[in-house]
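Presented below is the structure to which this report refers.
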Amino acid sequence: MTASPVTDDLPRVPRSNTSAPQGSSRGNGDVTLSRRELLCLLGIASAAAMGGCSRQWTLPERLVEMALRGPGLVSEVESVCGLCPGACGLTVRLVDGLPVGLKGNPNHPLNRGGLCPVGLAGLDILYAPNRLRHPLRKHAQGEFRQVEWEEALGEISEKLKGIGTAENRGSAAMICGEPSSLFQDLAAQFMGWLGSPHLACTGQGNVLPFTLTQGLREVPAFDWSGADLVLSLGLDLFEDGPAPLHAASALIGARQTQDRARLLHAGSRCSLSASKADQFVAIHPGTHGALALGIAHVLVREGRYDSRFVTAHTYGFEDGRQDGEERLGFRRLLLERYYPDRVAQICGCPAAAIVRLARRFAQASRPLAIAGGEAAEGSNATCNIMAAHSLNALMGSFDKAGGVLNKPSIPLSPLPRVGGCDGEPSLFESAQGGGLLGTDPLEALSQAVSDGSPRLEVLFVIGDDPVGSRPGGSRVVQALRGIPTVIALTPFLDETCDEADWVLPTPVPLEQWEDATTPPFSALAVLGISRPVTGPLHSSRHAGDVLLDLSSRVAPEGASLPWGHYSDYLKDRLEGLSESGQGALISGSFEESWRRFLEDRGWRFRQHQGMDDFWSGILKQSGWWSPARPQGEGGQLFDTPSGRYEFFSQKLYRELLDRWGGLASSADAQQALGRARESLGLQGQVDELCLPHHEPPHLVGRGDLTLVPFRPITARGRLGTASAMVMEMFGHSVLSGWQPWAELSPETARRLDLEEGDLIGLQTISGQIEAEVRIRPGAASEAVHLPLGLGRIQAPGAETLKANPLNIVLDSRDPLSGALSLSSTRVQVRLVRRRPHGGPPPHLSGGEA
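Read in numbering that gives the first Met the number 0, the sequence shown has 320 at position 321, and its numbers run on one by one without any break.
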């Protein structure tokens, strides 16, 4: 495309040896130019050295005019990535205050200088041409109209003024996808101020297995850095884990070569973690729990478990009595039903591989087992995680280095009490949302809107795309259409925006206050705080500032939330951290082992004088951390009826009996368990329902293969695919960009007469998507693996790309947690087009669409 010089639309300004960029004006005060043009304009690169870097960026004219003055002052500031829950530290390079380069912060304890592809695309996302620039209001005809912030907030505040009245109490709800617990706390404050308990913070993981076995209300921490062997069941730690760079650093990068942890991995595809593992075992989808129990069988049969810990700190290992009836123990269950030959038939792997996994796990001095990823996204997710967690109990891997710990706490200032909805039920926790002991919040929302109880008037959606990011998007669409006012706060248009009445643009990381709390599963307490490294490029506002502004507009004088801006809220919350004297600012001045040594012995000393000094330091260093292990306090590691780790979950047992009978006699109890098994659609035997056991996955639909979606590292967060750079490398493992691909095993490809590069259609009753075949050794023979992340927010030039596997996933749930299953759908496969005869394979042609 030929464009006129930018300087045709700008005033002439003095400049030295700097040619005008060949960009184009958008007519709204913005200028679109290539990355090469911007860097050459700033005088920090030459055109010859920047070949192949022609991604389109959009900047306000005022910044381009400033850049035309010639090379300026170069500086670096520390910041926080904020594009996913990984909470990595950034070092941002600026020229005259304009961000032009990103790299990982080598002093940050989580990523230690590393940065994933999405983190490196932060500038692409900052300067993306398709960012929202102004608030939008939907007309009666369904079209959006640009409005000013004052008009938008004025009209929304008028709608909120009636929410707190007695007749409209509880008629507001919020879906919050922001991963930071600090922002979630503010969202809870805002909803409490509105007098509504209806808040759903999505993406928090499945805590139910840890509730049933340990009595916990949140997912515990796993001390990767202290373990010498990690067994991962379905969780791709280096790609789809909660913090891939932290996992790589903790297991490998932060250790001496001889001290690096070994990794054992089991799954249905050869993922990045599988390719890096010391041992990889390929299994059928949904059989991760069976494999864990096969490993446990070998440990128990050969006496390779921690018998002292099991005797002193577990319940249900041996046979016993429950309500006057003999109860099956975990030991007998393992020895009688999960011997390696049977487990090998279930999992589709050699029995010798199971024995080898078990013996390597037993030989480690600090072993650690975890299930996640595909193991946590099926209809048997809770059973899979319980089975994997039982290995930690057998080895006594609790409350010690390299084991399972309490989630690390951050001593923040307490929040003031607002509103009067404490104890009121939330519609997002309604029993009509799914499972026996848990709910899917979006299903609960759909049911609530359908039933009209409670009647919702306003719904806020912040940092989430519930229509496009989960299965069953059509049900969510119907729910949103039944709510009079839907307000979406997002930096980009997504599928949820199509159903919103108001779309309010929020900044992206680098131009807003950013806070990131400890990633899931991490044993390090980390709090990342960073101020904007550049002013907002467009007319956007931080979601926290929007909530506080609405509070001040709606409430009578003195009755609003007590903070003027989000930065005031952050500073107020950190005052408790300053006073505690715990941890230290992120500086990299000590090795983690030395800091932990000092912390464990109470030798820490305060590094700051007063709150202002602490606030200045934490902004300069971009965060705080504490390496001290959060050891068990007062037995809270096992907050169960027995006060121990429960192989036999008494909570689950009582819930089943209360729901399906709960009669006193043992015969009636067995009948109640049988009715529960039938009603929930479980296939395990009655006597093993409350023990870790293999629950076969419940498959729905008809077809040739089971659909197993997966998340490549390029799909981290929800904004990554707004970057052309991320889209170019989206399928880096198969050298495919800008398009979906389907991974098949060589055996499956031969059976279906498919070859590398063929275009196939994958169809269910919910729809069809097309993808190119990639033949991958190590993939399960009865499965097809599709990448998640495409088909929602897209980079410029990919607006027509529709390749979201969630659109064809059929409705299936974990009957215990109520969570939707992503890997329970059977799909039909048909050939759409052969790769052109004689043409190069896709991996040689660059994977172009």
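Positions of the beta carbon are idealized from the N, C-alpha and C atoms, including for glycine.
Since this is a predicted model, take the numbers as computed values, not measurements.
I'd like to check one pair, residue j with residue i: are the Cβ atoms closer than 8 Å?
i, j, result
"residue 489", "residue 496", "yes"
"residue 733", "residue 116", "no"
"residue 205", "residue 381", "yes"
"residue 186", "residue 722", "no"
"residue 379", "residue 694", "yes"
"residue 520", "residue 220", "yes"
"residue 297", "residue 363", "no"
"residue 125", "residue 507", "yes"
"residue 785", "residue 748", "no"
"residue 352", "residue 233", "no"
"residue 569", "residue 181", "yes"
"residue 415", "residue 561", "yes"
"residue 479", "residue 197", "no"
"residue 386", "residue 739", "no"
"residue 689", "residue 656", "no"
"residue 424", "residue 456", "no"
"residue 420", "residue 161", "no"
"residue 328", "residue 318", "yes"
"residue 804", "residue 708", "yes"
Could you check how far apart the C-beta atoms of residue i and residue j are, in whole angstroms? I think they sit under 8 Å.
i, j, result
"residue 250", "residue 229", "6 Å"
"residue 610", "residue 577", "5 Å"
"residue 727", "residue 736", "5 Å"
"residue 292", "residue 333", "6 Å"
"residue 244", "residue 87", "6 Å"
"residue 807", "residue 768", "6 Å"
"residue 751", "residue 828", "6 Å"
"residue 74", "residue 93", "5 Å"
"residue 32", "residue 56", "6 Å"
Closer than 6 Å by C-beta to residue i: which residues in its own chain qualify, once you throw out the five before and the five after it? Chain order, please.
i, result
"residue 700", "763, 809, 824 and 825"
"residue 531", "510 and 511"
"residue 286", "345 and 346"
"residue 639", "214 and 645"
"residue 529", "78, 79, 513 and 621"
In whole angstroms, what separates the C-alpha of residue i from that of residue j?
i, j, result
"residue 791", "residue 710", "14 Å"
"residue 131", "residue 389", "48 Å"
"residue 703", "residue 281", "20 Å"
"residue 493", "residue 84", "20 Å"
"residue 246", "residue 240", "8 Å"
"residue 208", "residue 679", "17 Å"
"residue 635", "residue 314", "16 Å"
"residue 151", "residue 445", "27 Å"
"residue 167", "residue 218", "35 Å"
"residue 669", "residue 468", "41 Å"
"residue 435", "residue 818", "11 Å"
"residue 261", "residue 223", "11 Å"
"residue 674", "residue 654", "13 Å"
"residue 453", "residue 200", "19 Å"
"residue 300", "residue 778", "31 Å"
"residue 659", "residue 107", "52 Å"
"residue 766", "residue 266", "27 Å"
"residue 52", "residue 787", "Note that residue 52 scores a pLDDT of 48, beneath 50, so its modelled location is shaky; the value from the coordinates is reported in the next line. So the two alpha carbons sit approximately 26 Å from each other."
"residue 820", "residue 231", "20 Å"
"residue 264", "residue 377", "18 Å"
"residue 195", "residue 169", "4 Å"
Whose C-beta lies closer than 7 Å to the C-beta of residue i among residues of the same chain, with five residues either side of it excluded?
i, result
"residue 582", "524, 623, 624 and 625"
"residue 545", "488 and 503"
"residue 410", "575, 576, 579 and 581"
"residue 481", "448"
"residue 833", "757"
"residue 47", "Annotation note: pLDDT 42 at residue 47 (below 50); position unreliable, no value reported."
"residue 541", "505, 506, 511, 512 and 565"
Would the beta-carbon of residue i be found less than 7 Å away from any heavy atom of the ligand MN?
i, result
"residue 278", "Although the ligand MN was asked about, the structure shown includes no ligands whatsoever."
Does residue i get closer than 8 Å to chain C when you measure Cβ to Cβ?
i, result
"residue 258", "The structure shown contains no chain C; it holds only a single protein chain."
Tell me which same chain residues have a C-beta within less than 8 Å of the C-beta of residue i, skipping the five on either side of it?
i, result
"residue 309", "316, 392, 393 and 395"
"residue 466", "472, 475, 476, 479, 493, 494, 495, 497 and 498"
ask   = Between the region 448 to 466 and the region 173 to 189, do at least 3 Cβ pairs fall closer than 8 Å?
value = yes
message = Taking contact to mean 3 or more Cβ pairs, one atom from each stretch, closer than 8 Å, check whether the region 550 to 564 and the region 155 to 162 are in contact.
response = yes
The region 392 to 402 touching the region 366 to 378, judged by at least three CB pairs closer than 8 Å = yes
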